[in-house]
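Comments concern the structure below.
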Amino acid sequence: MSIQDNVRLISIKDIDDISHYLFDSHIQEYNEFLNIANEFYDLNVSKTFLLIHKDTKELLAYMTLSADSIRLTREEKEGHDMTVVPYSSSPALKIGKLAVNKELSDIVKRKGYGSFMLELARAFAFDMNKMGVACRFLTVDADIEYNPDTPLFYKKNGFVENLSQKSRNPKHTISMRKDIFS
Numbered sequence: 001m002s003i004q005d006n007v008r009l010i011s012i013k014d015i016d017d018i019s020h021y022l023f024d025s026h027i028q029e030y031n032e033f034l035n036i037a038n039e040f041y042d043l044n045v046s047k048t049f050l051l052i053h054k055d056t057k058e059l060l061a062y063m064t065l066s067a068d069s070i071r072l073t074r075e076e077k078e079g080h081d082m083t084v085v086p087y088s089s090s091p092a093l094k095i096g097k098l099a100v101n102k103e104l105s106d107i108v109k110r111k112g113y114g115s116f117m118l119e120l121a122r123a124f125a126f127d128m129n130k131m132g133v134a135c136r137f138l139t140v141d142a143d144i145e146y147n148p149d150t151p152l153f154y155k156k157n158g159f160v161e162n163l164s165q166k167s168r169n170p171k172h173t174i175s176m177r178k179d180i181f182s
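Spelled out as structure tokens, the structure:
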């Protein structure tokens with residue numbers, strides 16, 4: 001049975017009280033973010049989506065999404081067959097936060113929830129295109145402050161480092177992107 005058969009994705013707005021869910025990503029900042037995610041949602045800064053196990057009702061993972069754009073170098077444009085585009089920026093969907101619950105029951109404990117969330121973000125980007133809002137890339141500022149191996153997770157899932165967008169905070173994050181069409 002695949003992950004998608006056992007889970008449902010819901011907006012944080014679809015639950016009454018996030019404190020009813022036990023969630024521990026082993027990173028305090030990510031755990032605490034859930035307490036303010038509704039405020040960001042209401043301000044249209046980011047939308048938070050929760051991955052819930054259908055049977056156990058456990059909160060498996062969450063991600064925040066927001067609109068973004070990305071600057072590409074000429075070489076990066078060539079790599080995406082976008083040299084005809086005269087603009088320096090391309091439309092993107094940003095994954096602001098992505099966290100997986102590290103404290104799951106034995107029933108649901110298994111790997112793959114983070115990668116599954118990335119596929120869901122990609123599906124959101126395709127939906128944006130269907131609705132008439134252009135979106136070419138997924139972007140993320142891979143958090144290396146808490147885990148220096150985070151960029152490896154994104155690379156495993158098809159992301160590459162952005163050459164033209166060096167992070168404003170290079171000690172904490174690495175700017176990365178994924179072409180949703182590749």
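Mapping of the sequence shown onto my numbering: position 117 corresponds to residue 117, and the numbering continues sequentially without gaps.
Note that the Cβ used here is the ideal one computed from N, Cα and C, for glycine as well.
Every value quoted in this text rests on a predicted model; they were computed, and no experiment measured them.
Taking the alpha helix (DSSP H) that residue i falls in, what are its first and last residues?
i	result
G79	R74 to G79
L152	T150 to K156
Y41	A37 to D42
G114	Y113 to K130
F49	No alpha helix (DSSP H) contains F49, which is instead part of the beta strand (DSSP E) from K47 to H53.
Y30	Q28 to F33
If we call anything under 7 Å between Cβ atoms a contact, is residue i one with residue j?
i	j	result
P151	I174	yes
D179	F137	yes
S19	K102	no
K94	D68	yes
E78	L163	no
I107	A92	no
L98	M63	yes
I3	G112	yes
A142	C135	no
Hey, is residue i's beta-carbon within less than 7 Å of any beta-carbon in chain D?
i	result
S164	The structure shown contains no chain D, having only a single protein chain.
Which value, in whole angstroms, describes the spacing of the CA atoms of residue i and residue j?
i	j	result
L60	L104	7 Å
A37	V84	39 Å
F181	L65	19 Å
M176	E145	15 Å
N44	R74	32 Å
CB-CB under 7 Å to residue i, same chain, minus the five flanking residues each way: which ones, in chain order?
i	result
G114	A61, L98, V100 and F153
S46	F40, T64, L65, S66 and G96
Let's see if you can read the secondary structure: which residues bound the beta strand (DSSP E) around residue i?
i	result
F137	F137 to D143
Y146	Looking at the DSSP string, Y146 is not in any beta strand (DSSP E), and its letter there is neither H nor E.
Y62	L59 to R71
D5	Careful: D5 lies outside any beta strand (DSSP E), inside the alpha helix (DSSP H) at I3 to N6.
P91	S89 to V100
T173	T173 to D179
Excluding the 5 residues flanking residue i on each side, which residues of the same chain have their C-beta closer than 6 Å to its C-beta?
i	result
N157	S115 and L118
>> Taking 8 Å as the cut-off, does the region 46 to 63 touch the region 3 to 17 (at least 3 CB pairs, one atom from each stretch)?
In response: yes
> Contact between the region 31 to 38 and the region 79 to 88: three or more CB pairs below 8 Å?
Replying inline: no
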